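Trainee: Heads up, the sequence shown is in my numbering, so the first residue is 4 and it goes up one at a time.
What follows is a structure written as structure tokens; I'll ask about it next.
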Amino acid sequence: MALTLAVSGLTAAGQTTYYVAANGNDANVGRSESAPFQTLGKVSSLTLQPGVAALRLQPGDSVLFRRGDTFRGTVQVRQSGTSSQPIALDAYGSGAKPVLAGSVLVTGWSNVGGNVWQASCAACGSRVTGLYRDGSSLPLGRYPNPDAPNKGYLTVQSHSGKNSLTSQQGLPANFTGGEAVYRPLQWILNRATITGQNGNTLSLNNPNSYDIADGWGFFVQNHPATLDQNGEWCYDAGSKTLRLVSDANPNGQSIAATAFGEAVNLNNASNVSVRNLTLTQTLSAGLLANGGSGLTIAGNDITNSGENGLYFDGAGNTLLVENNLIEAANNNGFTVQPYQNVTFRGNTVRRVGLW
């Protein structure tokens, strides 16, 4: 098998292979399948130990995640390999690709009336960009619903600058604390926090550069008053609580919320390969690379990205992205800044820009 040959070659050359498994222990040496590490935090520590060469990834080193396992958090790589000895993130064993998830499990749901449930999420931050039940994405609460007339859009009757809009249609509730999502152009959706409401007029905290346009559409999301369909949810950053509409008790289900920006973060790291992993349920991007050259991203499944699937920021050269599945990104599937010598081939890109 190609993976076995690659690992054998690295071992023969004196490089180190680290193993990570869900039943491992971060106190292990991590250098054998029988004594693997357990967490992504431990893997990141191999690249973040200042001045401790013995605890830092070296050119030619590999970090292998056990197939069939799920790991939550972010892998941060700060070291570089060389063109002949890249640092590798890959899989070992048999079965499904190992899952690196930027989400946390949410437990302790209590019923707050009807079929609406609430739970605290201490690990969640200023926003949550995805909620998942048994691995499937759930819809953010929205008014009007997508199946309502005009495809779920209200109409901007008038506006004042970027910080106030008046709806042509009546608003059924006070949506203060939620978000107004308005369309200034065909290909843009901007979000602005609703800071106050007077009748059908919404006051907004709007950091966007695009102005509001009269006669164009908007809707309201992420507010308890939008929750009227099974599976809809909202998040209150102030109290770090989630609300969910569920016909069944969610305590008997696996509910996960996005809490980590990326599954893999490469910061000024060159000559790194990422292969055969599932990167999913991230707050922002499945994989973010900021600078660095000689990067290979191949054979991965990048799914359920809160914003972008793959995002390459800064500048670099010699980027190979091939044979990946890029699916279910809320914003862009693949974004690359002024990198040189970019190869993008054999990738499947679908269901991008979901809302």
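Glycine included, each C-beta is placed from N, C-alpha and C at the ideal position.
Just so you know, these numbers come straight off a predicted model, no measurement behind them.
Going by the C-beta, is GLY111 closer than 7 Å to any heavy atom of the ligand MN?
Mentor: The ligand content of the structure shown is nil, which means the ligand MN is not present either.
Trainee: Are there 16 or more other CB atoms within 10 angstroms of the CB of ASN307, so buried, or fewer, so exposed?
Mentor: Counting from 1 along the sequence shown, the entry for residue 307 is found at position 304. The residue in question, ASN307, is buried, as its Cβ has 16 or more Cβ neighbours within 10 Å.
Trainee: Quick one, are the C-beta atoms of GLY144 and THR198 less than 8 Å apart?
Mentor: By one-based count along the sequence shown, residue 144 stands at place 141. By one-based count along the sequence shown, residue 198 stands at place 195. Not a contact, by the Cβ cut-off of 8 Å.
Trainee: Give the single residue among GLY294, ASN268, VAL275 and ARG136 whose Cα lies nearest to the Cα of LEU282.
Mentor: Numbered from its first residue, the sequence shown carries residue 282 at position 279. Here the closest residue by C-alpha is ASN268.
Trainee: Since PRO187 is in the alpha helix (DSSP H), which residue starts that stretch and which ends it?
Mentor: The count along the sequence shown starts at 1 and reaches residue 187 at position 184. Where PRO187 is concerned, there is no enclosing alpha helix (DSSP H), although the beta strand (DSSP E) it sits in stretches over 182 to 188.
Trainee: Between which residues of its own chain and VAL55 is the CB-CB distance below 8 Å, once the five residues before and five after are set aside?
Mentor: Counting from 1 along the sequence shown, the entry for residue 55 is found at position 52. For VAL55, the predicted model reports a pLDDT of 47, less than 50, meaning its position is unreliable and no value from the coordinates is stated.
Trainee: Return the CA-CA distance between GLY111 and TYR185, expressed in angstroms with no decimal places.
Mentor: For the purposes of this step, residue 111 is taken as residue 108 along the sequence shown, with counting starting at 1. For the purposes of this step, residue 185 is taken as residue 182 along the sequence shown, with counting starting at 1. The straight-line gap from Cα to Cα measures roughly 34 Å.
Trainee: May I have the straight-line CA-CA distance separating GLY158 from THR169, to the nearest angstrom?
Mentor: As a first step, residue 158 is located in the sequence shown; it is residue number 155 there, counting from the start. As a first step, residue 169 is located in the sequence shown; it is residue number 166 there, counting from the start. The amino acid occupying residue 158 in the given sequence is Thr; Gly does not appear at that position. Each residue's Cα considered, the two are about 9 Å apart.
Trainee: Should LYS154 be labelled buried (16 or more other beta-carbon atoms within 10 Å of its own) or exposed?
Mentor: As a working mapping, residue 154 is identified with position 151 in the sequence shown. That one is exposed.
Trainee: Please confirm whether THR261 and GLY133 have their CB atoms less than 8 Å apart.
Mentor: Here residue 261 corresponds to residue number 258 of the sequence shown, with the count starting at 1. Here residue 133 corresponds to residue number 130 of the sequence shown, with the count starting at 1. In contact: THR261 and GLY133 (Cβ atoms closer than 8 Å).
Trainee: Compare the C-alpha of GLN284 against each of ASN271, SER161, ASN293 and PHE263 and name the closest.
Mentor: Locating residue 284 in the sequence shown gives position 281, counting from the first residue. Taking only the C-alpha atoms, the option nearest GLN284 is PHE263.
Trainee: When the Cα atoms are used, what is the spatial distance from CYS237 to HIS226?
Mentor: Here residue 237 is taken as the residue at index 234 of the sequence shown, counted from 1. Here residue 226 is taken as the residue at index 223 of the sequence shown, counted from 1. About 6 Å.
Trainee: If you follow the beta strand (DSSP E) that SER139 is in, where does it begin and where does it stop?
Mentor: Residue 139 sits at position 136 when you count from the first residue of the sequence shown. Segment 139 to 141, the beta strand (DSSP E) holding SER139.
Trainee: Give me the Cα-Cα distance between ALA57 and SER129, rounded to the nearest whole angstrom.
Mentor: Here residue 57 is taken as the residue at index 54 of the sequence shown, counted from 1. Here residue 129 is taken as the residue at index 126 of the sequence shown, counted from 1. Summary for ALA57: the model assigns pLDDT 49, below 50, so the residue's position carries little reliability; its value from the coordinates is reported in the next sentence. If you take the alpha carbons of ALA57 and SER129, they lie about 37 Å apart.
Trainee: Which residues in the same chain have their Cβ closer than 6 Å to the Cβ of VAL131, if we skip the five residues on either side of it in sequence?
Mentor: Mapped onto the sequence shown, residue 131 falls at position 128. Closer than 6 Å at Cβ, skipping near neighbours: TYR238, ALA260 and THR261.
Trainee: Can you tell me the Cα-Cα spacing of GLY3 and LYS45, whole angstroms?
Mentor: A query on residue 3 cannot be resolved here, the shown segment of the chain reaching from 4 to 358 and no further.
Trainee: How would you call ILE258, buried or exposed, if buried means at least 16 neighbouring beta carbons within 10 angstroms?
Mentor: Within the sequence shown, residue 258 is the residue found at index 255, counting from 1. Under this definition ILE258 is a buried residue.
Trainee: Using the Cβ count rule (16 or more neighbours within 10 Å means buried), how would you classify LEU188?
Mentor: Residue mapping note: residue 188 aligns to position 185 of the sequence shown, counting from 1. It is exposed - the Cβ of LEU188 has fewer than 16 other Cβ atoms within 10 Å.
Trainee: Whose C-alpha, out of PRO175, TRP190 and ALA216, is nearest the C-alpha of ASN201?
Mentor: Here residue 201 refers to the residue found at position 198 when the sequence shown is read from its first residue. Checking every option, the nearest Cα to that of ASN201 belongs to PRO175.
Trainee: What number of angstroms, rounded off, separates the C-alpha of LEU6 from the C-alpha of TYR95?
Mentor: Your numbering for residue 6 matches position 3 in the sequence shown. Your numbering for residue 95 matches position 92 in the sequence shown. Legend: pLDDT at LEU6 = 30, less than 50; position of this residue unreliable, no value from coordinates given.
Trainee: Which partner residues does ARG354 have in the DSSP bridge list?
Mentor: The residue you call residue 354 lines up with position 351 of the sequence shown. According to DSSP, ARG354 bridges with nothing at all.
Trainee: So, are the CB atoms of ALA288 and TYR314 less than 8 Å apart?
Mentor: In the sequence shown, counting from the first residue as 1, residue 288 sits at position 285. In the sequence shown, counting from the first residue as 1, residue 314 sits at position 311. In this structure, TYR314 lies closer than 8 Å to ALA288 by Cβ.
Trainee: Would you decide whether THR346 is buried or exposed? Buried here means 16 or more other CB atoms lie within 10 Å of its CB.
Mentor: In the sequence shown, residue 346 corresponds to position 343, counting from 1. Flag for THR346 reads exposed.
Trainee: On the three-state DSSP scale, how would you describe ALA125?
Mentor: Here residue 125 refers to the residue found at position 122 when the sequence shown is read from its first residue. Three-state result, ALA125: coil.
Trainee: Just the C-alpha distance for GLN162 and PRO101, rounded to the nearest angstrom, thanks.
Mentor: Your numbering for residue 162 matches position 159 in the sequence shown. Your numbering for residue 101 matches position 98 in the sequence shown. The residue asked about is misnamed: residue 162 is His in this sequence, not Gln. Roughly 49 Å separates the two Cα atoms.
Trainee: With a 10 Å radius around its C-beta and 16 neighbouring C-beta atoms as the bar for buried, classify GLN232 as buried or exposed.
Mentor: Here residue 232 refers to the residue found at position 229 when the sequence shown is read from its first residue. Classification of GLN232: exposed, given that the 10 Å Cβ count is below 16.
Trainee: On the CB-based measure, 16 or more other CB atoms within 10 Å of its CB, does VAL275 come out buried or exposed?
Mentor: Sequence index remark: in the sequence shown, residue 275 carries index 272 (1-based). With 16 or more other Cβ atoms within 10 Å, it is buried.
Trainee: So, are the CB atoms of PHE3 and THR42 less than 8 Å apart?
Mentor: Here the chain comprises residues numbered 4 to 358, so residue 3 is not present and cannot be evaluated.
Trainee: Considering only C-alpha positions, which residue in the set ASN326, ALA301 and GLN256 is nearest to ASP93?
Mentor: Numbered from 1 along the sequence shown, position 90 holds the residue referred to as residue 93. It is ALA301 whose Cα lies nearest to the Cα of ASP93.
Trainee: Quick one: is GLU36 buried, meaning 16 or more other Cβ sit within 10 Å of its Cβ, or exposed?
Mentor: Stepping through the sequence shown from its first residue, residue 36 is reached at position 33. When all chains shown are included, GLU36 counts as exposed.
Trainee: Which same chain residues, not among the five before or five after ASN326, have their C-beta less than 6 Å away from its C-beta?
Mentor: As a first step, residue 326 must be located in the sequence shown, where it is residue number 323. Only ALA301, GLY302 and GLY349 meet the Cβ criterion.
Trainee: Measuring alpha carbon to alpha carbon, tell me which of PHE40, SER273, ALA30 and ASN166 ends up nearest GLU182.
Mentor: On the sequence shown, residue 182 is found 179 positions in, with the first residue counted as 1. The shortest Cα separation from GLU182 among PHE40, SER273, ALA30 and ASN166 belongs to ASN166.
Trainee: Between which residues of its own chain and ASN28 is the CB-CB distance below 7 Å, once the five residues before and five after are set aside?
Mentor: Taking the sequence shown and counting its residues from 1, the one referred to as residue 28 is at position 25. GLN41.
Trainee: Given a threshold of 16 other Cβ atoms within 10 Å of its Cβ, counted over all protein chains shown, does PRO152 qualify as buried or as exposed?
Mentor: In the sequence shown, the residue the question calls residue 152 occupies position 149. With fewer than 16 other Cβ atoms within 10 Å, it is exposed.
Trainee: Decide if THR361 is buried, meaning its Cβ has at least 16 other Cβ atoms within 10 Å, or exposed.
Mentor: One cannot answer for residue 361 here, as it falls past the ends of the chain, which runs 4 to 358.
Trainee: Judging by CA-CA distance, which residue of SER249, ALA216 and VAL277 is the nearest neighbour of ILE191?
Mentor: As a first step, residue 191 must be located in the sequence shown, where it is residue number 188. For ILE191, the nearest C-alpha among the options comes from ALA216.
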